[in-house]
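Before any comments, here is the structure.
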Amino acid sequence: MLKKLWGVTEAIFGLTVAVLALTLSVYLFKFANLYLKATTSELTAYATTLIGLSALITTLWQVLITREHNRNSIRPCIEYYCNRDQHSPVALSIMNNGHGAAIIESMEFKYSGVSYPFTSKSVRDLIDEDSAIFGTKISATVIHKGTAFPVGQKIDLLIFSNSIDSPSNHNAAVNILNNIQLTIRYKSLYNENFSSNLT
């Protein structure tokens with residue numbers, strides 16, 4: 010739908026510029042003929058110059074539109090998914106639902122309001138230190154800086170493997186998940202910067 014709209018917009022703009030150039034050429038011809046007493050060759054030169062300028066403007070506009078379209082056609086979009094179902098392990102996942110690869114710049118998470126780098130060690134250390142969630146087993150997947158995250162790929166960042174063992178384990182895992190804030194900074198292949206926040 011969006012591509013069709015861009016095509017229609019380009020066609021309308023091109024037609025408008027062509028009609029405008031033709032109209033201006035006619036008025037320029039009349040003006041030059043009546044007031045300047047210009048010769049036919051001079052009128053032709055004026056009209057050619059005007060049409061050339063119109064073509065240049067149209068070309069530049071189309072280049073800008075094409076460039077913007079190309080940027081939009083490979084723009085990444087990282088989204089979060091939280092599984093809190095009692096019948097499967099509690100998990101925090103991300104997926105690239107955009108149109109192009111996301112180049113990961115950084116990952117940072119907050120747990121109970123304190124910021125930490127997102128590494129397997131930092132995640133495990135925090136969980137082990139929290140007495141309220143002692144015994145919760147967690148595995149973390151870390152995505153390093155510079156990693157290309159393809160379109161349609163899903164990654165489980167955190168999996169609470171023993172959350173299905175008992176209601177208390179499930180509640181503890183959900184409690185952890187509810188206290189995590191995550192920020193992923195990434196860029197597109199055009200080096201446009203984006204960030205995705207789980208709050």
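Numbering (this note's numbering), first residue to last: 10 to 208. We put the CB at the ideal spot given by N, CA and C, even for glycine. Bear in mind the structure is a predicted one, so any value in this text is a computation, not a measurement.
Following the DSSP letters along the chain, one finds Leu-186 inside the alpha helix (DSSP H) bounded by residues 176-187.
Annotated three-state conformation of Ser-82 is helix, per DSSP.
Ala-181 and Asn-92 have their C-alpha atoms spaced approximately 14 Å apart.
Excluding sequence positions up to five before and after His-179, its CB lies within less than 6 Å of the CB of Gln-95 and Ser-172, all in the same chain and listed in chain order.
Boundaries for Tyr-199: no beta strand (DSSP E) harbours it, and the DSSP string shows neither H nor E there.
With fewer than 16 other CB atoms across the displayed protein chains lying within 10 angstroms of its CB, Ile-21 is exposed. Across the set Pro-159, Ser-102, Ile-193 and Val-123, the C-alpha of Ser-102 shows the shortest separation from the C-alpha of Ile-168. For Ser-63 against Leu-24, the beta-carbon gap comes to about 12 Å, at or over 8 Å, which does not count as contact. DSSP places Ile-103 in the strand class (E or B) of the three-state scheme.
Our two residues, Ser-175 and Pro-98, have alpha carbons roughly 11 Å apart in a direct line.
For Ile-74, the three-state secondary structure derived from DSSP is helix. Within the same chain, Cβ atoms closer than 7 Å to the Cβ of Thr-150 are found at Ile-164, Asp-165 and Leu-166, the five residues on either side in sequence being excluded.
Boundaries of the beta strand (DSSP E) harbouring Ile-113: 111-120, taken from the DSSP string. An exposed status is given to Pro-159, since fewer than 16 other beta-carbon atoms sit within 10 Å of its beta-carbon. A check of alpha carbon separations from Met-104 across Met-116, Ala-110, Tyr-89 and Ile-112 identifies Tyr-89 as the nearest. DSSP, reduced to helix, strand and coil, places Ser-50 within a helical segment of the structure shown.
In terms of Cα proximity to Val-183, the closest of Arg-84, Lys-146 and Thr-49 is Lys-146. In the assembly as shown, Tyr-199 is an exposed residue. Its beta-carbon has fewer than 16 other beta-carbons within 10 Å. According to DSSP, Gln-190 shares a beta bridge with Lys-119.
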